[in-house]
Amino acid sequence: MSVSALLQTQLATASLFLSTPTTRTPTILLLIASFGSSLHHPVTTFFYLAVLNGAASDAAVSIGTLGFIQGLGGTVGGPLVGWALDRYGPFVPIVVTAAACSMGCLWRGMADSLWQLQMGAVLNGVGVNLWSVVMGHLVKSFDHKLRSEVLSGIAVQLAVVQIAGKALFPIAEYALRNIVGVTDDLLRYRLHMGVCTAFCFYGTVALCWDRDNLRARWSDAHLVKDGTINMRSVKYKQKQSDILDNDLEEGAAARNCRAELQDHVCLPLVPSHHSTNRTHQSTSVEMMEIPSNCHASHKATKNIHNNADYDQSNRQPDQIHKQQSQPFIDTIESTNNCQINPSPMKPTQPDKYQNEHVMTTIIFTVALLVQSLSNTILTVLWPLIVHDRFHLSAQTFGVLTFISSLASMGAMASFPVVERKVGRVRCAAGGFGVAALLGVVFCISTFGGVVENSEVSHRMYDRLEGSKRNLVSPESRSFDVTSIEEDVSAFLLPWRNRNMALPKTGQHTFARNNVHDNLHSFFADYSVAREDYNATSNISSGNRHRIDKIVDNDQSTQQPYLWHALSAIALHSSLSFIEPSIKSIFSIVTASPSDSLAQESAPKLGFTMGFMTTIANIGGMIGNIAGTWMYKLSNDNESVLYGNIFVRGGSLAFFVSALLLGASSLCIWGLDEPIHSRVIQGPSVGSPFNEANCCDVEDRSEISDDSESLRDGCCLSLRERETNHVLKCE
């Protein structure tokens, strides 16, 4: 598929959402809420650090706790909003979550302490379910054949508005600082955080205004043809069965069958276990093993096809049609009342399919958990890394997130194309593998090589506060530094905090005449900078611009910025790619409507979307707590200079997530392509027909989408010829 076709598909998906009355307002609400959140996304971590006003490593744990509380609200609320979506429709859960989101953003923006931030996290934990309930509503509103397009389409649309918001953040930050004159960092951060409230509040009012459309029945699905969305309604000459009319998901897909009910009956194929020719098998009428009281009705059906000597020349067309269609109707009514005896040749097939289905569900559940965990670790720790390690401002980090969002949008937009080329499972497995590889590259580029030189330079930068400091050696616990300039004490202070041995003379004191020699020895022993003492000794505590110039002129400290930015953007893009991929497969595997009543199909899908949100939130909770804990553990480790690059400076969390992504890729790679759970379920109570007893997986997979069958609950079954000839009753 070309780029133009890709853009056409995305535009058609957006038009589909906005042209359908039941999905128009929820889609607009989700887009403007995402736009508002993206306006303050680059500054959120900086706002937390300013409010907490503590050490970065200690504040990281508190930030992880806030994320855990918010994720807990999503975990508990995910199934509840899914149940409410099925029970009451989309209006109630969307309004509740949108109102909670607006109140949570307002409370958080006015917070002055940790407990107030935690209270805001509780409200936002309820509001975060807005994304899941709207996406569940969109998935329920359209056919399952559109599942990948719907999930990818809404993801791309969200990425577009988020890119717009992140692109405006540097401009807003510059305007507040230089034009409006808001120089206080915390006040400026509060203004950024509070702007999201207005968008969510507007969306809540719009929902109440459009409540009539949201309380209506879900619209019929639009059909997909040749990879594009065909937004046209399909009319039928004859009403379909009650099962198909009530099935919001499967019924719309079955309408794509071009057969007319008065011409022929399209039913799933019952394979012949004694036939070796699949070509003849596809057009033959075969019978399962049924009770004797049903033979009469089947014999009547057989006589219809074998009575070639019947003279129709003197019959009226309506009489011919009545004569042809009535025996089929009688046969279907008769056989629907018969109990089918499955063939004794395959008594364990349903159990086999059920076991495979359970294993597939478990694997994709764990994969969704790992994806959410890895994405949370990157989202939470990336701003901490650029703040602690590279000392980038919120404005610079906003530019990085803008570029990352552009790359992520391209990755999500390419997902349907890649999926159609390689298949659902291979697409997901490959995405996890690439993400694992990029996670390792991120660790090496960010925490390896000459990065520690840049880190030490910036730590020296932080210590230049213009005040004298008393140094205490590990042995004497006293140190005379009154005659040493402030910049020297600022250089040595970080290493005292790490309990590292300081360079000393015989009497454990520094004198002015040997400062040059001691500093030169210090730099040589610990490799804290590449400049010699002649360049660094001229730096005073108040000359910050001088330090910036030295750091910028050192080419070795510029490379980590570039490699870190590229690897972080690539890792974020790969994680964004596999999110709709794994959710698309997961929704197909776990959306398990029963065979007894097809109207139960659509409601169960809403609970499935809520369940996916719960799994994702659990992964986010684990990522917040475990990620920040591992970041603090590895960041405070004494191996920051000489240790392994995968356990120092905060890299441990990313290395663990890379291992989990690689293991998930290997597990997914061995799975088969998913089949909708309706096809692989075993017999259900009260259901006279079950497809698992009628056909093999191989036979079902050969049925193309263009010749999709109409299921009518009959133990007889026919299938269209692969040449699309119509099988007529004669």
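Start counting the sequence shown at 0; every next residue gets the next number (numbering that gives the first Met the number 0).
Idealized CB from N, CA, C, for every residue including glycine.
* By DSSP, does residue 671 sit in helix, in strand, or in coil? -> Within the sequence shown, residue 671 is the residue found at index 672, counting from 1. Note: residue 671 maps to coil in three-state DSSP.
* Alpha-carbon spacing of residue 637 relative to residue 646, whole angstroms -> Start at 1 with the first residue of the sequence shown, and residue 637 comes out as number 638. Start at 1 with the first residue of the sequence shown, and residue 646 comes out as number 647. In this predicted model, residue 637 has a pLDDT of only 49, less than 50, meaning its place in the structure is not dependable; the value taken from the coordinates is given anyway. Cα to Cα, the separation comes out at about 10 Å.
* **Same chain, Cβ closer than 6 Å to residue 368, neighbours up to 5 away in sequence not counted** => Taking the first residue of the sequence shown as position 1, residue 368 is located at position 369. Closer than 6 Å at Cβ, skipping near neighbours: 614 and 618.
* Please determine if the segment 412–424 and the segment 165–177 are in contact, where contact requires at least 3 C-beta pairs separated by less than 8 Å. => no
* So, residue 417 versus residue 426, is the Cβ gap smaller than 7 Å? -> Counting from one through the sequence shown, the residue named residue 417 turns up at place 418. Counting from one through the sequence shown, the residue named residue 426 turns up at place 427. The answer is yes: Cβ separation under 7 Å.
* To do: Below 8 Å CB to CB, which residues in the same chain sit around residue 146 once its five sequence neighbours on both sides are set aside?
  => Within the sequence shown, the letter at position 147 stands for residue 146. Here the set comprises 138, 583, 586 and 587.
* If you draw a straight line from the C-alpha of residue 26 to the C-alpha of residue 126, how long is it? -> For the purposes of this step, residue 26 is identified with residue 27 of the sequence shown, where counting begins at 1. For the purposes of this step, residue 126 is identified with residue 127 of the sequence shown, where counting begins at 1. Answer to the nearest angstrom: the Cα atoms are 16 Å apart.
* CB-CB under 7 Å to residue 33, same chain, minus the five flanking residues each way: which ones, in chain order? -> On the sequence shown, position 34 is the one that residue 33 refers to. Same-chain partners within the cutoff: 157, 160 and 161.
* To do: Kindly list the residues whose CB is nearer than 6 Å to the CB of residue 444, restricted to its own chain and excluding five residues on each side of it in sequence; keep chain order.
  => Against the sequence shown, residue 444 aligns to sequence position 445. Exclusion of the five residues before and after residue 444 leaves 562, 563 and 566 as the residues of its chain whose Cβ lies within less than 6 Å of its Cβ.
* Asked: To the nearest angstrom, how far is it from the Cα of residue 111 to the Cα of residue 190?
  -> Mapped onto the sequence shown, residue 111 falls at position 112. Mapped onto the sequence shown, residue 190 falls at position 191. Those two C-alpha atoms are separated by around 14 Å.
* Who are the Cβ neighbours of residue 36 in its own chain at under 7 Å, not counting the five residues just before and after it? -> Residue 36 sits at position 37 when you count from the first residue of the sequence shown. Answer for residue 36: 195, listed in chain order.
* Asked: Taking residue 671 as the reference, which of 429, 424 and 430 has the closest Cα?
  -> By 1-based counting over the sequence shown, the position of residue 671 is 672. Minimum Cα distance to residue 671 is reached at 424.
* Per-residue DSSP class, three states only, for residue 650 -> Here residue 650 refers to the residue found at position 651 of the sequence shown. DSSP places residue 650 in coil when its eight states are reduced to three.
* **CB contact check: residue 34 to chain B, cutoff 7 Å** => The chain labelled as chain B is not found in the depicted structure, where only one protein chain is given.
* Asked: Going by beta carbon distance, what residues of the same chain come within less than 6 Å of residue 651, once the five residues before and after it are set aside?
  -> Taking the sequence shown and counting its residues from 1, one reaches residue 651 at position 652. Closer than 6 Å at Cβ, skipping near neighbours: 629 and 633.
* Which value, in whole angstroms, describes the spacing of the CA atoms of residue 398 and residue 356? -> On the sequence shown, position 399 is the one that residue 398 refers to. On the sequence shown, position 357 is the one that residue 356 refers to. For residue 398 and residue 356, the distance between alpha carbons rounds to 44 Å.
* Unbroken stretches of the beta strand (DSSP E), 3 residues or longer, contained in the segment 47–99 -> Qualifying beta strand (DSSP E) stretches: none in this window.
* Cβ-based neighbour list, residue 42, same chain, cut-off 6 Å, excluding 5 preceding and 5 following -> Position 43 of the sequence shown, counting from 1, holds the residue named residue 42. These residues qualify, in order along the chain: 188, 191 and 393.
* **Among 50, 420, 625 and 373, the one whose alpha carbon lies nearest that of residue 183** => The residue you call residue 183 lines up with position 184 of the sequence shown. The shortest Cα separation from residue 183 among 50, 420, 625 and 373 belongs to 50.
* 7 Å CB neighbourhood of residue 169 in its chain, flanking five on each side removed -> The residue given as residue 169 occupies position 170 in the sequence shown. Hits under 7 Å: 394, 397 and 398.
* Grab me the residues of residue 666's own chain with a C-beta within less than 6 Å of its C-beta, minus the 5 sequence neighbours each way, in chain order. => Residue 666 sits at position 667 when you count from the first residue of the sequence shown. 362, listed in sequence order.
* Can you list, in chain order, the residues of its chain whose CB lies under 8 Å from that of residue 580, leaving out five sequence neighbours each side? -> Numbered from 1 along the sequence shown, position 581 holds the residue referred to as residue 580. The beta carbon of residue 580 is closer than 8 Å to those of 414, 418, 423, 426, 427 and 430 in its chain, skipping five residues each way along the sequence.
* Looking only at its own chain, which residues have a Cβ that is under 7 Å from the Cβ of residue 31, when we skip the five neighbours before and after it? -> As a working note, residue 31 is residue 32 in the sequence shown. These residues qualify, in order along the chain: 198, 201 and 202.
* Asked: residue 407 and residue 575 look like a contact to me (Cβ under 8 Å); what is the Cβ gap, rounded to whole Å?
  -> Here the question's residue 407 lines up with position 408 in the sequence shown. Here the question's residue 575 lines up with position 576 in the sequence shown. At roughly 4 Å, the Cβ-Cβ gap stays under 8 Å, so residue 407 and residue 575 are in contact.
* Asked: Under the three-state reduction of DSSP, which class applies to residue 390: helix, strand or coil?
  -> Within the sequence shown, residue 390 is the residue found at index 391, counting from 1. If DSSP states are grouped into helix, strand and coil, residue 390 belongs with coil.
* Start and end residues, alpha helix (DSSP H) containing residue 441 -> Taking the first residue of the sequence shown as 1, we reach residue 441 at position 442. Counting along the chain, the alpha helix (DSSP H) containing residue 441 begins and ends at 423–446.
* When 440, 655 and 664 are compared against residue 569, the one with the closest alpha-carbon -> Taking the sequence shown and counting its residues from 1, one reaches residue 569 at position 570. The closest CA to that of residue 569, considering only 440, 655 and 664, is found on 440.
* **Helix, strand or coil at residue 21 [DSSP, three-state]** => The residue labelled residue 21 in the question sits at position 22 within the sequence shown. Three-state result, residue 21: helix.
* **Backbone CA spacing between residue 9 and residue 150 [nearest angstrom]** => Indexing the sequence shown from 1 puts residue 9 at position 10. Indexing the sequence shown from 1 puts residue 150 at position 151. If I take the Cα positions, the gap works out to 11 Å.
* To do: Indicate whether residue 420 and residue 60 have their beta-carbon atoms separated by less than 7 Å.
  => For the purposes of this step, residue 420 is identified with residue 421 of the sequence shown, where counting begins at 1. For the purposes of this step, residue 60 is identified with residue 61 of the sequence shown, where counting begins at 1. Their beta carbons are not under 7 Å apart, which means residue 420 does not touch residue 60 by this criterion.
* To do: Going by CA-CA distance only, name the one from 87, 93, 48 and 44 that's closest to residue 29.
  => One-based indexing of the sequence shown puts residue 29 at position 30. That would be 93, whose Cα lies nearest to the Cα of residue 29.
* Status (buried if at least 16 other CB within 10 Å, exposed otherwise) for residue 623 -> Indexing the sequence shown from 1 puts residue 623 at position 624. The residue is buried, with at least 16 neighbouring Cβ atoms inside 10 Å.
* Nonlocal neighbours in the same chain, by C-beta distance under 8 Å from residue 382, ignoring five residues either side -> The sequence position of residue 382 within the sequence shown is 383, counting from 1. Cβ neighbours of residue 382 beyond the five flanking positions: 41, 43, 44, 45 and 396.
* To do: For residue 661, collect the residues of the same chain with a Cβ closer than 6 Å to its Cβ; drop the 5 residues on either side in sequence, then sort them by chain order.
  => Taking the sequence shown and counting its residues from 1, one reaches residue 661 at position 662. The residues are 435.
* Can you tell me the Cβ-Cβ gap for residue 401 and residue 165, rounded? I've got them flagged as a contact below 8 Å. => Here residue 401 refers to the residue found at position 402 when the sequence shown is read from its first residue. Here residue 165 refers to the residue found at position 166 when the sequence shown is read from its first residue. Distance from residue 401 to residue 165 at the Cβ level is roughly 4 Å; contact confirmed, criterion being Cβ atoms closer than 8 Å.
* Asked: Can you give the Cα-Cα distance for residue 687 and residue 144, rounded to whole angstroms?
  -> Sequence index remark: in the sequence shown, residue 687 carries index 688 (1-based). Sequence index remark: in the sequence shown, residue 144 carries index 145 (1-based). Confidence at residue 687 is low in this model, with a pLDDT of 36, below 50, so the placement of that residue is unreliable and no value is reported for it.
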